[in-house]
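In numbering that gives the first Met the number 0, the protein residues as written are 0 to 284. In this text, a Cβ means the ideal position worked out from N, Cα and C, and glycines have one as well. What follows is a short report on a single structure.
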Amino acid sequence: MKKLLFQFDTDLHPSVFDTVVGYDGGADHVAGYGGLTPENIKPLVEGTIFTRAPKDKKNTAIFVGGSDMVAGQALFTAVQSYFFPGFQVSVMLDSNGSNTTAAAAVAKLASSGPLAGKKAVVLAGTGPVGQRAAVMLAQEGAKVSLTARTLARAEQACDNMHTRFGVELTPVVAFDQEDRAAAIEHANIVLATGAAGVELLKPEHWQGNPNLEMIADANATPPLGIGGTDMMDKGVERHGKIIWGAIGFGALKLALHRACIAKLFENNQQVFDAENIFALAKEMA
Numbered sequence: 000m001k002k003l004l005f006q007f008d009t010d011l012h013p014s015v016f017d018t019v020v021g022y023d024g025g026a027d028h029v030a031g032y033g034g035l036t037p038e039n040i041k042p043l044v045e046g047t048i049f050t051r052a053p054k055d056k057k058n059t060a061i062f063v064g065g066s067d068m069v070a071g072q073a074l075f076t077a078v079q080s081y082f083f084p085g086f087q088v089s090v091m092l093d094s095n096g097s098n099t100t101a102a103a104a105v106a107k108l109a110s111s112g113p114l115a116g117k118k119a120v121v122l123a124g125t126g127p128v129g130q131r132a133a134v135m136l137a138q139e140g141a142k143v144s145l146t147a148r149t150l151a152r153a154e155q156a157c158d159n160m161h162t163r164f165g166v167e168l169t170p171v172v173a174f175d176q177e178d179r180a181a182a183i184e185h186a187n188i189v190l191a192t193g194a195a196g197v198e199l200l201k202p203e204h205w206q207g208n209p210n211l212e213m214i215a216d217a218n219a220t221p222p223l224g225i226g227g228t229d230m231m232d233k234g235v236e237r238h239g240k241i242i243w244g245a246i247g248f249g250a251l252k253l254a255l256h257r258a259c260i261a262k263l264f265e266n267n268q269q270v271f272d273a274e275n276i277f278a279l280a281k282e283m284a
């Protein structure tokens, strides 16, 4: 029986990246649907749960994606609301790579040194990856600050993550590079999750910082988020700090994404969100 993955996307056009990884993860066919909301998802969910016998439902799965994590979380919740005993399929949430990218980055940082008790700063952290990475760092025992260009955006991101995960994050305003340099002055760990091609820190902002121990940059588009690092860095030491570049931990991100897709087809009751995706990432790291 064919393994069918239904890609439910909150954006107008389903992600090509997610489609490719869906096939690489073992799906025989990926069907993408865009522009989905909690209000229009019901018929599609019913199509997945009513069509195959109970023993065959493991061969159908749902992937929720899109660029907006809040919208993705709402859609993810709505999808599951239409499940009932005997009529459900496995489902995964990874809006804009929020869970898999964040999990890979934090898992690699955790493999490089202890996170508990450390001061961590997630730069430009209001996007999907930044918010989930901040949560994972906090769950590992770090004291986490999240920066944004405005206080309102930083506070909203921290509030969203507190509501979903119960973690305490500290919002910080950092409008420009000098502000971001000040924000990391006492940090032990820095993770940059800004927009592609935006340099958040120059080399001089971090190279001489005696408190910094580990740095990760999720940006693979030049200029990188943290100047003086390399996208290929795989836990290398630069200026006394351990550095992970976007490609350096990207191999784990892709392997993790594929592994999660494969696990969706093991049975029809898998639910993959931040918690178990991060747990798998730590095993794989």
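Exposed is the label assigned to residue 174, since fewer than 16 other Cβ atoms lie within 10 Å of its Cβ. A residue is called buried once 16 or more other Cβ atoms fall within 10 Å of its Cβ, and residue 83, having fewer, is exposed. Excluding five sequence positions before and after residue 164, the CB atoms of its chain that fall closer than 6 Å to its own CB belong to 134, given in chain order.
For residue 237, the enclosing beta strand (DSSP E) has its first and last residue at 233–237.
Ranking 209, 188, 178, 270 by CA distance to the CA of residue 201 puts 178 first. For residue 61, the enclosing beta strand (DSSP E) covers residues 59–64. Beta bridge pairing from DSSP links residue 146 with 171. In this structure, the straight-line span from the alpha carbon of residue 106 to that of residue 206 is close to 23 Å. Every beta strand (DSSP E) stretch that sits fully inside the region 50–102 and reaches 3 residues is listed by chain position as 59–64, 89–92.
Annotation: residue 7 to residue 93 spans about 11 Å, alpha carbon to alpha carbon. By the criterion of a C-beta distance shorter than 7 Å, residue 87 is surrounded in its chain by 48, 267, 268, once the five residues flanking it on both sides are discounted. The three-state secondary structure of residue 206, taken from DSSP, is coil.
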